[in-house]
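Structure first, then comments.
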DNA sequence: CTGAAAGCGCTTACAG
DNA sequence: CTGAAAGCGCTTACAG
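Residue numbers (our numbering), protein chains in the order written: chain A, 338 to 687; chain B, 338 to 687.
Following this line, the structure appears as structure tokens:
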């Protein structure tokens with residue numbers, strides 16, 4: 338810790354008081370232009386570096402924002418993080434990052450650390466299994482919180498996706514392709530997002546009068562490995578499903594991969610749909626049909642929601658934000674060509 | 338900024354001085370166990386939160402570390418970031434993150450911001466085109482700097498990869514598979530890493546007495562799109578190369594994808610090798626042969642190097658660290674089966 | 001083993 | 001338009 342010149346040093350060099358220097362650094366219009374220039378010149382000459390920590394302590398404010406992310410191995414969350422960091426930086430905030438790797442204890446630890454660091458606000462994508470009470474606890478700290486992707490009750494600002502609608506849309510697409518036996522590769526346990534996605538699938542099936550065999554709901558890890566396991570399970574079923582809806586693109590990548598290993602082609606042997614539209618989904622073999630809600634747009638929304646909270650006074654706070662983006666289906670090769678309807682078309686091409 | 342109890346409040350509640358409270362919080366052995374317990378109890382009762390910013394200001398130290406990353410859309414750097422963040426957190430440091438998206442101006446801005454935030458040290462993967470002088474400038478700030486992946490001269494701590502050796506290894510592997518016309522998809526411009534990789538390729542070719550046609554060095558974007566462009570360029574050459582060495586896995590993914598679009602299979606139509614061994618390389622179709630130096634291991638090395646600098650006194654500083662991991666080649670399907678040597682094998686199997 | 005005092009580098013009323 | 005003074009929440013010699 339080599340310490341450089343302080344406003345005191347600048348004040349001495351410029352022949353003014355440190356109050357004046359402070360005001361100049363804040364670009365206060367109260368200081369005469371001439372004086373201000375003299376001060377800026379002295380600061381430059383001395384190689385002055387503003388000490389934001391000291392300013393925050395004295396001013397009882399903070400310009401850092403904590404970003405708590407559950408899974409950076411999923412590129413979707415990386416896209417989200419990048420967008421959020423960009424928007425916050427543009428508004429003069431610095432991002433304190435922490436990765437929880439879906440571990441609730443790690444999450445507790447990093448939240449404590451961020452509180453000690455005196456963050457002005459928090460954006461969090463909570464780890465699976467986070468108790469709902471955590472949102473209340475954070476509120477009790479007096480730190481504004483915006484949740485992304487994973488809701489935790491209706492009284493906390495949340496930016497996410499309408500998963501139920503999205504999975505209805507995806508299921509409907511598969512039905513339109515002529516599929517009637519459609520599997521779901523995700524997990525059966527009760528986290529909100531998983532439930533919504535499963536529910537969207539189930540209700541679209543019901544709406545079209547299609548029965549769902551319980552074994553079609555394949556409980557797997559939400560990773561490529563899980564996708565591979567799902568394919569093996571599906572090919573053991575008789576009659577076997579001709580399409581699979583995946584919890585997310587990570588699972589779908591595993592599905593595409595296992596099909597390839599078996600010498601089969603997604604889209605022909607089994608129609609595959611993912612969710613998230615990660616950048617890589619465009620370059621898988623074959624390219625992946627998937628639900629897109631726009632990671633960048635969600636990141637921008639989440640940051641703006643937080644910035645609005647920070648800039649509003651106690652009295653003028655807007656009501657709780659609950660924003661759920663409506664996803665679109667991006668149709669690519671992985672879901673086209675295997676259903677009975679389209680199969681007749683591809684047979685004609687043979 | 339709701340502010341909670343301070344050490345002064347705890348002191349009052351526990352009936353001691355704030356010096357004593359401070360010492361207890363630092364777990365100083367100088368305080369009697371009984372007194373310490375009384376203080377801790379009072380802190381708990383009041384819901385005390387340590388203010389690290391105030392402590393850092395007074396103690397003239399800092400417990401945050403800046404992490405400047407050039408490209409988070411490349412999963413390799415994400416793996417690196419995750420490893421670094423984990424190690425730093427374990428040592429009680431907080432990570433301030435910034436993403437430059439390969440933009441030198443953004444990088445300048447975030448470095449200034451981190452300096453104002455009073456980071457104890459910096460870990461940086463510099464943006465392409467960063468002037469070498471930047472390392473000296475950061476040193477002049479008195480902030481220890483560790484570079485990852487991209488060296489900038491020999492007098493700054495650096496943790497990277499022996500790219501020249503790696504690309505020699507990869508080239509040799511392709512030659513052993515019977516290939517003699519091997520292309521290189523990267524960029525021709527003069528950044529250190531690009532030069533090393535190209536050089537490794539060229540020297541292995543030379544060593545085996547194989548001529549390199551200038552057009553085989555395909556200058557493309559270092560993205561999947563670049564990989565796709567490379568494939569199109571290669572298939573226009575006559576006689577065309579039968580193998581391609583890619584700058585990194587991002588490029589290789591594009592190569593695999595374009596081959597698939599053309600109805601061809603990597604490994605048969607064209608042998609493909611990448612670099613980085615990102616997690617996804619295991620699940621591409623076909624799986625990707627690639628160079629692995631271990632993102633996690635590199636991240637751990639980089640963090641430890643920085644931690645060692647922070648913990649050593651001025652006099653006992655170790656000499657500059659220049660660590661270059663020796664990569665291994667992970668052979669998967671994308672590079673096997675297309676060379677003349679192995680082709681005879683596969684013909685026998687037909 | 002504990003306390004009184006000084007001070008880290010800033011900001012912010014307040015006074016002139 | 002500018003300055004003197006108080007203070008943000010801590011730590012650290014120093015004294016006892």
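Idealized CB from N, CA, C, for every residue including glycine.
Note that this is a predicted model, so its numbers are computed, not measured.
Test: residue i CB closer than 8 Å to a CB of chain A
i, result
"residue 340 (chain B)", "yes"
"residue 454 (chain B)", "yes"
"residue 635 (chain B)", "no"
C-beta contact flag for residue i and residue j at 8 Å
i, j, result
"residue 415 (chain A)", "residue 415 (chain B)", "yes"
"residue 386 (chain B)", "residue 373 (chain B)", "no"
"residue 639 (chain B)", "residue 419 (chain B)", "no"
"residue 637 (chain B)", "residue 625 (chain B)", "no"
"residue 454 (chain B)", "residue 401 (chain B)", "yes"
"residue 456 (chain A)", "residue 365 (chain A)", "no"
"residue 672 (chain B)", "residue 593 (chain B)", "no"
"residue 497 (chain B)", "residue 661 (chain B)", "yes"
"residue 351 (chain B)", "residue 370 (chain B)", "no"
"residue 559 (chain B)", "residue 579 (chain B)", "no"
"residue 408 (chain A)", "residue 442 (chain A)", "no"
"residue 564 (chain B)", "residue 588 (chain B)", "yes"
"residue 567 (chain A)", "residue 522 (chain A)", "yes"
Any C-beta of chain B under 8 Å from that of residue i
i, result
"residue 450 (chain A)", "yes"
"residue 419 (chain A)", "yes"
"residue 544 (chain A)", "no"
"residue 380 (chain A)", "no"
"residue 390 (chain A)", "yes"
"residue 561 (chain A)", "yes"
Cα-Cα separation between residue i and residue j, rounded to whole angstroms
i, j, result
"residue 396 (chain B)", "residue 622 (chain A)", "56 Å"
"residue 451 (chain B)", "residue 600 (chain A)", "51 Å"
"residue 649 (chain B)", "residue 491 (chain B)", "21 Å"
"residue 561 (chain B)", "residue 569 (chain B)", "13 Å"
"residue 541 (chain A)", "residue 553 (chain B)", "52 Å"
"residue 421 (chain B)", "residue 434 (chain A)", "12 Å"
"residue 349 (chain B)", "residue 376 (chain B)", "10 Å"
"residue 656 (chain A)", "residue 646 (chain A)", "10 Å"
"residue 535 (chain B)", "residue 502 (chain B)", "11 Å"
"residue 487 (chain B)", "residue 495 (chain B)", "8 Å"
"residue 344 (chain B)", "residue 393 (chain A)", "18 Å"
"residue 549 (chain A)", "residue 464 (chain B)", "52 Å"
"residue 504 (chain B)", "residue 571 (chain A)", "41 Å"
"residue 475 (chain B)", "residue 449 (chain B)", "10 Å"
"residue 342 (chain B)", "residue 346 (chain A)", "33 Å"
Cβ-heavy atom distance, residue i to the ligand COA, below 7 Å
i, result
"residue 476 (chain A)", "Here there are no bound small molecules, and the ligand COA is not part of this structure."
Residues that residue i contacts on chain B, provided the C-beta gap is smaller than 9 Å
i, result
"residue 424 (chain A)", "Those do not exist, as residue 424 (chain A) stays about 12 Å from chain B at its closest Cβ, beyond 9 Å."
"residue 386 (chain A)", "449, 452, 453, 455 and 478"
Within chain A, partners of residue i - CB distance below 7 Å
i, result
"residue 431 (chain B)", "433, 450 and 454"
"residue 616 (chain B)", "410"
"residue 594 (chain B)", "620 and 622"
"residue 393 (chain B)", "390"
Nearest neighbour of residue i, chosen from the options [CA to CA]
i, options, result
"residue 445 (chain A)", "A:431, A:430, A:462 and A:644", "A:462"
"residue 514 (chain B)", "B:464, B:475 and B:605", "B:605"
"residue 528 (chain A)", "A:520, A:358, A:628 and A:469", "A:469"
"residue 619 (chain A)", "A:571, A:595 and A:669", "A:669"
"residue 493 (chain B)", "B:459, B:510 and B:371", "B:459"
"residue 510 (chain A)", "A:347, A:384, A:667 and A:383", "A:667"
"residue 340 (chain B)", "A:478, A:581, A:340 and A:449", "A:478"
"residue 642 (chain B)", "B:347, B:382, B:659 and B:582", "B:659"
"residue 612 (chain A)", "A:431, A:581 and A:595", "A:581"
"residue 630 (chain A)", "A:356, A:567 and A:664", "A:664"
"residue 551 (chain B)", "B:520, B:545 and B:544", "B:520"
"residue 634 (chain B)", "B:428, B:651, B:429 and B:413", "B:413"
"residue 404 (chain A)", "A:516, A:431 and A:517", "A:431"
Proximal chain A residues relative to residue i, where beta-carbon distance stays under 8 Å
i, result
"residue 597 (chain B)", "622 and 623"
"residue 515 (chain B)", "In chain order: nothing, as chain A lies at least about 24 Å away."
"residue 591 (chain B)", "620"
Contacts of residue i in chain B (Cβ-Cβ under 7 Å)
i, result
"residue 436 (chain A)", "419 and 422"
"residue 647 (chain A)", "Simply none; closest approach about 10 Å."
Within chain A, partners of residue i - CB distance below 9 Å
i, result
"residue 415 (chain B)", "409, 410, 412 and 415"
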